[in-house]
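Residue numbers (the UniProt record's numbering): 1 to 626.
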């Protein structure tokens, strides 16, 4: 499958239907068709009513093809379809800036299918029959409306990673926090604006371990007036979505991980309790290579002597990803939506849920070059038989669009940029200086993983191991609000940041990691300043108050302290958790109730369907772990 800048515009404005569902799901679709159609009308009404007169944009849908690049046929029924590489050629900031503010409407159909991203069949959960799911591209003054229809056997929720959801915390898409999940056979309409967020991010299921099985996609928010630091005009933009890949269904792996025996089977030896499930391979834009299957590659044909912005995101569940392009230097210019001073590297390690933009210049000899995704194994306690950690894609220019790099180069990168170091993320400096205000409120938490009294390996923030509530959401149920008759479950650690009597609360969050591993943590609703970090215990070391890095997903190194600061001006219930799937599912999470009085006032505007779906989930009695 080949993507090129030249053929991108032929995709714009297309209104392709989802691939035909298999027979197992057709009965779902018949049942849901009327409801989905009604919600589509509702979406238009809500978008115009809440979007201050924004015009309706044509429905945005990604085009799916079979893995060999042909159109879907009856033989593809029930199988996951790969997106063509051209779907990862973005419209780009220059083109999007010409479009007026609008409401962008999307339809997501969640399904269970069988796929083979790396040539090995596996059960998957996907949106619109494809992996990865549709890419969302919007301007920062647009309204986004996504109608999610759940045709799966379990509930789900879609989280819009990094978006602030200011004024709409119930659309954050976090199971047991902002909603109770979309029940099977039901739809839910997410309807929100972007506030001040711009840059590269992604969307994913935030219901148990579902995104491990395929429920994720890129989300690009363009700044109409953005100028990249020290960079000539951009000739094109690409989405590069990296992920580790498990051949087994994530819920089966989670059950085994949380059992008293831990992981068992081929590749495991000795004491395994607490050893996280490790992946079999990885993918670049949904395509990987494994075993003896004929390899397929995501690939792009670019123009020579041009400048491209690659928007890289790690959609993985456990492993960090190192990205590089043979013979090419990469210049980092963005991290988690924050422009940074240009930083030249030979490659960069992208932690789970983090995002970067890099500049690639096609200034080498005409030819085809390997893109490399190296699945990082530093956190592995064992390896799966047949593990394939080197995943490849192709970038070519000045040659025929079927040219593939030499197979002799598969195992090593001879790049001219190899003399440069890899990215040191702690050295990133925001391009637009911003100094944080002084803190007015402090809170302290610890992170640990340990064996409990009943011989179960769990994760803890302070002394609490988070568990999702069944048919309840803390935002909607009064947890932490100190209401009469509302008790806080033992599994819910909620820190309340009170409404200030005057001015604004500025929070310092001290996090002590007592674990022997690194943890990429994500704070919903905010993009905090990284005030300081160091090994051991915090003992009053000086903080960085002059333009510290800001990002929503950050690493807590092993046996270390980290201090984050944020202005508590976004009312809601906000999740703070490790983004390694197995750690969050085993309890490594907590919540912040920010400004309870203001949050209570906001909740008067929450859609009634939220409570209705909570009642449905209570009736179903569908248990969820993690």
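Just so you know, even glycine gets a beta-carbon here, dropped at the ideal spot from N, CA and C.
**OP:** List the endpoints of the continuous beta strand (DSSP E) containing residue 368.
**Re:** Here the beta strand (DSSP E) through residue 368 covers 367-375.
Subject >> Delimiting residues of the alpha helix (DSSP H) encompassing residue 614 >> reply: 609-620
Original post:
For the alpha helix (DSSP H) that contains residue 256, what are its first and last residues?
Top reply: 250-258
**OP:** Could you name the residues of the same chain whose beta carbon sits closer than 6 Å to that of residue 562, not counting the 5 residues immediately before and after it, in chain order?
**Re:** 511, 533, 556
Subject >> Sequence ranges, beta strand (DSSP E) only - wholly within the segment 123-159, length at least 3 >> reply: With a minimum length of 3 residues, the unbroken runs of beta strand (DSSP E) contained wholly in the segment 123-159 fall at 136-139, 143-150.
**OP:** Check each candidate in 174, 222, 342, 604 and name the one with the smallest Cα separation from residue 424.
**Re:** 342
**OP:** Excluding the 5 residues preceding and the 5 following residue 655 in the sequence, name in chain order all residues of the same chain whose CB lies nearer than 7 Å to its CB.
**Re:** There is simply no residue 655 to check, as the chain begins at 1 and stops at 626 in what is shown.
Subject >> Rounded straight-line distance, which links the Cα of residue 301 to that of residue 578 >> reply: Residue 578 and residue 301: Cα-Cα distance of roughly 37 Å.
**OP:** Just the C-alpha distance for residue 461 and residue 173, rounded to the nearest angstrom, thanks.
**Re:** 22 Å
**OP:** Answer with buried or exposed for residue 140, where buried requires no fewer than 16 other C-beta atoms within 10 angstroms of its C-beta.
**Re:** buried
Original post:
So, are the CB atoms of residue 235 and residue 307 less than 8 Å apart?
Top reply: yes
Subject >> Euclidean distance between Cα positions of residue 574 and residue 419 >> reply: 42 Å
Subject >> Complete alpha helix (DSSP H) runs within the segment 452-525 (minimum length 4 residues, chain order) >> reply: 474-477
**OP:** Provide the residue span of the alpha helix (DSSP H) that contains residue 279, from first to last.
**Re:** Unbroken run through residue 279: none, as it is neither H nor E.
Original post:
Using the beta-carbon count (16 or more within 10 Å), is residue 358 buried or exposed?
Top reply: buried
Subject >> Buried versus exposed, by CB contacts within 10 Å (16 or more), residue 637 >> reply: Because the chain spans 1 through 626 in this model, residue 637 falls outside it and cannot be assessed.
Original post:
So is residue 612 buried or exposed if we call it buried at 16+ other beta carbons inside 10 Å?
Top reply: exposed
Subject >> Whole-angstrom C-beta distance between residue 389 and residue 282, which should lie under 8 Å >> reply: 7 Å
Original post:
Which residue or residues does DSSP assign as beta-bridge partners of residue 334?
Top reply: Residue pairing from DSSP places residue 334 in a beta bridge opposite 339, 357.
Original post:
Taking all protein chains shown into account, do 16 or more other C-beta atoms lie within 10 angstroms of the C-beta of residue 39, making it buried, or fewer, making it exposed?
Top reply: Confidence is the limiting factor: at residue 39 the pLDDT is only 41, short of 50, which leaves the residue's position unreliable, though a coordinate-based value still follows. The residue is buried, with at least 16 neighbouring Cβ atoms inside 10 Å.
Subject >> DSSP state of residue 212 mapped onto helix, strand, coil >> reply: helix
Original post:
Which class does residue 34 belong to by DSSP, given the choice of helix, strand or coil?
Top reply: Any reading at residue 34 must be qualified, since the residue scores a pLDDT of 33, below 50, and its modelled position is unreliable; the value itself is stated next. Helix at residue 34.
Subject >> Closest residue to residue 167 among 615, 594, 625, 614 (Cα-Cα distance) >> reply: 594
**OP:** Assign residue 147 to buried or exposed, taking buried as 16 or more other Cβ atoms, counted over all protein chains shown, within 10 Å of its Cβ.
**Re:** buried
Original post:
Which residues mark the beginning and the end of the beta strand (DSSP E) in which residue 243 is found?
Top reply: 236-245
Subject >> Collapsed DSSP secondary structure at residue 583 in the structure displayed >> reply: helix
**OP:** Within 10 angstroms of the Cβ of residue 73, are there 16 or more other Cβ atoms? Answer buried if so, exposed if not.
**Re:** No answer about residue 73 holds up, because its pLDDT of 34 lies below 50 and its placement is not dependable.
Original post:
Is it the case that the Cβ atoms of residue 328 and residue 369 are separated by a distance below 8 Å?
Top reply: yes
**OP:** Going by CA-CA distance only, name the one from 274, 279, 585, 395 that's closest to residue 310.
**Re:** 395
Subject >> Cβ pair residue 207, residue 157 closer than 8 Å >> reply: yes
**OP:** Confirm, please, whether the CB-CB distance from residue 458 to residue 464 is below 8 Å.
**Re:** no
**OP:** Tell me residue 561's beta-bridge partners as DSSP assigns them.
**Re:** 512, 534
Subject >> Per DSSP, the bridge partner or partners of residue 218 >> reply: 202
**OP:** Would you tell me roughly how many angstroms separate the C-alpha atoms of residue 26 and residue 472, rounded to the nearest one?
**Re:** Residue placement at residue 26 cannot be trusted, given a pLDDT of 35 that sits under 50; the coordinates are not used to answer.
**OP:** Identify whether residue 313 lies in helix, strand or coil by the three-state DSSP scheme.
**Re:** Correct three-state label for residue 313: strand.
Subject >> Euclidean distance between Cα positions of residue 176 and residue 138 >> reply: Each residue's Cα considered, the two are about 28 Å apart.
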